[in-house]
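Number of protein chains: 4
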Amino acid sequence: MVSFEHLTLGDDGPIYRQIIRFVQRGIVAGAIRAGDEMPSRRALSALLGVNPNTIQKACRLLEEEGLIQSRSGAKSYVSAEPELVERVRSQLLAEDARRLVEALRQTGASKEDCMALFQRIWDESERGAENE
Amino acid sequence: MVSFEHLTLGDDGPIYRQIIRFVQRGIVAGAIRAGDEMPSRRALSALLGVNPNTIQKACRLLEEEGLIQSRSGAKSYVSAEPELVERVRSQLLAEDARRLVEALRQTGASKEDCMALFQRIWDESERGAENE
Amino acid sequence: MVSFEHLTLGDDGPIYRQIIRFVQRGIVAGAIRAGDEMPSRRALSALLGVNPNTIQKACRLLEEEGLIQSRSGAKSYVSAEPELVERVRSQLLAEDARRLVEALRQTGASKEDCMALFQRIWDESERGAENE
Amino acid sequence: MVSFEHLTLGDDGPIYRQIIRFVQRGIVAGAIRAGDEMPSRRALSALLGVNPNTIQKACRLLEEEGLIQSRSGAKSYVSAEPELVERVRSQLLAEDARRLVEALRQTGASKEDCMALFQRIWDESERGAENE
DNA sequence: GTGGTCTAGACCACC
DNA sequence: GTGGTCTAGACCACG
Chain D
1 MVSFEHLTLG DDGPIYRQII RFVQRGIVAG AIRAGDEMPS RRALSALLGV
51 NPNTIQKACR LLEEEGLIQS RSGAKSYVSA EPELVERVRS QLLAEDARRL
101 VEALRQTGAS KEDCMALFQR IWDESERGAE NE
Chain E
1001 MVSFEHLTLG DDGPIYRQII RFVQRGIVAG AIRAGDEMPS RRALSALLGV
1051 NPNTIQKACR LLEEEGLIQS RSGAKSYVSA EPELVERVRS QLLAEDARRL
1101 VEALRQTGAS KEDCMALFQR IWDESERGAE NE
Chain A
2001 MVSFEHLTLG DDGPIYRQII RFVQRGIVAG AIRAGDEMPS RRALSALLGV
2051 NPNTIQKACR LLEEEGLIQS RSGAKSYVSA EPELVERVRS QLLAEDARRL
2101 VEALRQTGAS KEDCMALFQR IWDESERGAE NE
Chain G
3001 MVSFEHLTLG DDGPIYRQII RFVQRGIVAG AIRAGDEMPS RRALSALLGV
3051 NPNTIQKACR LLEEEGLIQS RSGAKSYVSA EPELVERVRS QLLAEDARRL
3101 VEALRQTGAS KEDCMALFQR IWDESERGAE NE
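Chains as they are written, first to last, in the working numbering: chain D, 1 to 132; chain E, 1001 to 1132; chain A, 2001 to 2132; chain G, 3001 to 3132.
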């Protein structure tokens, strides 16, 4: 009998981690810049349909990481210094790579095959981006 | 102002796709073998907390792909011929790799850095598996 | 724009005709024999989930055709004399053939192709029946 | 006692199958052409009095067969390449013929009688069409 | 608007 | 029991 007990649906990790990743990716990719104003906690809660406590947790961790700063009461602003951005970048890279490597190894493929595949996909993606 | 309009929470794609991937991964990894009995639609629905129709959709697509066999009134069984398994394996590999490459390219990292990173993570993962 | 105005769903003709055809086919095929007892009108109505008037109409027409006879009050019996059976047989044949011919001609195929196809399918069907 | 347990009222197969056949027949007969616009799922649902999901199922299968093309957010169009049309034509022919042959064989008629009958009906139908 | 996904629950034929 | 079909109605992303 096939067992489905290890299938967890919709598992992207905790919501606050997803919010953090979203901001991190935005900063690293340049879509979110230092000085940008963050929406208010309650606005984010309403927008994402998420409990205010979850929003608060994400913002607290982002602030601990130094990616946002709370100034003048309730409003928060993005504060991304270049060296910090680089650190976050490599952190994101590693996290993504780790996830993929686990998925790839689970399929039983060899390292060499995977790296060749990786290179091929990269080139395809680069070509695709150029044509846009 | 930071915009959160493109943040989609918990997005692993449609549920039926996730179920399909789970079975595909299981077959490719050898955890699910040809001849294995599938749980009934109702059992899966109850186990995963998902509507029977969604389960049915996943099963239909799995059957169209040739990975399971269903007969009305009878139980469903896994039916994975070697050549098909290989095709699914490379399909999964490509899908995973494409997802990673896109995530990596979005961070602005170079191809060489990413491949070096990839290799490092792979080796770490391999070492981790050996120690278990 | 594709027009769906000529698509009529579930069109097998009136229910009373379907009931008549069912009895006719049974008699012609030998599954229903002279002297067999018919279920009561109200039993048929309940069994088929059909209005008693519809049942009554079917039975009246079957009786007019001479395929059933009402004796001793409410009970009806099948009364199929050989020559009548033959007449019904050819009637059924013609009706079926007419339906198919219309469907076939609608596809634009030639008469010769259709007859060759018909012959091939017949032979297949014959072979299939032998193997059972 | 005559048994009615095998009489299924109004059985033309599943509704989604009937819709598919309608489109297939239209395409094969030339009444529906490549590039024609399909009514929206909702419009079809209202027009045919059928649940949107059933419509969607028919459309999905038609798309898998390559007879229509759907893009999320845009309208759906008929997309029938000549070679595909030919394949569908013979598929429809075979399906129809098989149904008739089974009905005819059930009545106990001989192959020769049936083919003669078939030819006669065809000629009648042809004459009827000319007079219209 | 469009197509696509999902839920809740019903009914059916077959085994 | 099983798989398959259908209904009723909701929500979503995309154009």
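Note that CB positions come from ideal geometry on N, CA and C, so glycine has one too.
This one's a predicted model, so the numbers in the text were calculated from it and none came from an experiment.
Looking at the backbone, the Cα of M2001(A) and that of N3051(G) are separated by about 21 Å.
9 Å or more divides the Cβ of L2048(A) from the Cβ of F3022(G). Nearest CB-CB separation between K2057(A) and chain G: not below the 9 Å threshold. Using a CB distance cut-off of 9 Å, L2061(A) does not count as an interface residue toward chain G. Contact with chain A is absent for E3064(G), since none of that chain's Cβ atoms lies less than 9 Å from the residue's Cβ. Interface criterion not met: the Cβ of E2083(A) is under 9 Å from no Cβ in chain G.
For S2070(A), the enclosing beta strand (DSSP E) has its first and last residue at 2068 to 2070.
Look at Q2106(A): its C-beta is under 9 Å from a C-beta on chain G. A Cβ of chain A is located within less than 9 Å of the beta carbon of R3089(G). If you draw a straight line from the Cα of A3074(G) to the Cα of E1063(E), it comes to about 29 Å. Partner residues in the beta bridge of E3037(G), as assigned by DSSP, are Y3077(G). By the Cβ criterion, the segment 1118 to 1127 of chain E is not in contact with the segment 2033 to 2045 of chain A, since fewer than three pairs of Cβ atoms, one from each stretch, lie closer than 8 Å. Neighbours of S1045(E) in chain D, taken as residues whose beta carbon is under 9 Å from its own, are absent, since the nearest beta carbon is some 11 Å off.
Sixteen is the threshold: since fewer than 16 other Cβ atoms of the shown chains lie within 10 Å of the Cβ of A2043(A), the residue is exposed.
Residue contact check for A2080(A) against chain G: no CB pair falls below 9 Å.
Note on geometry: alpha-carbon atoms of E112(D) and I19(D) lie some 34 Å from one another. The residue from R1071(E), G1013(E), A1109(E) with its alpha-carbon nearest to that of Q91(D) is A1109(E). When the Cα atoms are used, L93(D) and E102(D) turn out to be separated by approximately 14 Å. Around P39(D), the beta-carbon contacts reaching into chain E at under 8 Å are M1001, V1002, F1004. S3003(G) sits in coil when the DSSP states are folded into three classes, being neither helix nor strand. Per DSSP, D1012(E) is not a residue of any alpha helix (DSSP H), being assigned neither H nor E. In terms of beta-carbon proximity, E3130(G) stays away from the interface with chain A, with every pair separated by 9 Å or more. Linking E2083(A) to L2067(A) through their CA atoms gives a straight-line distance of about 11 Å.
Interface flag for A1029(E) against chain D is set, since a Cβ pair is found closer than 9 Å. Residue burial is scored here from C-beta neighbours: D2096(A) has at least 16 other C-beta atoms within 10 angstroms and is therefore classed as buried.
In terms of CA proximity to R1127(E), R105(D) leads the group R105(D), M115(D), G128(D), Q119(D). The straight-line gap separating the alpha-carbon atoms of M115(D) and D1012(E) is approximately 24 Å. Identification of chain E residues near Q119(D) by a Cβ-Cβ cut-off of 7 Å yields M1115, ordered along the chain. For G1049(E), a Cβ of chain D is located within less than 9 Å of the residue's own Cβ. A straight-line Cα-Cα distance of about 38 Å links I2055(A) and Q2119(A).
CA-to-CA, the gap between S2076(A) and I2027(A) works out to about 15 Å. Below the 9 Å Cβ cutoff, chain E contributes Q1119, W1122, D1123, E1126 as neighbours of K111(D), in chain order. Contact of R3025(G) with chain A is assigned, a C-beta pair being separated by under 9 Å. Distance check between M2038(A) and each of L2009(A), R2098(A), C2059(A) places C2059(A) closest, using alpha-carbon atoms only. Put simply, the CB of Q3018(G) is near chain A, with a gap under 9 Å to one of its CB atoms. Rounded to the nearest angstrom, the gap between the Cα atoms of V2078(A) and L2061(A) is 13 Å.
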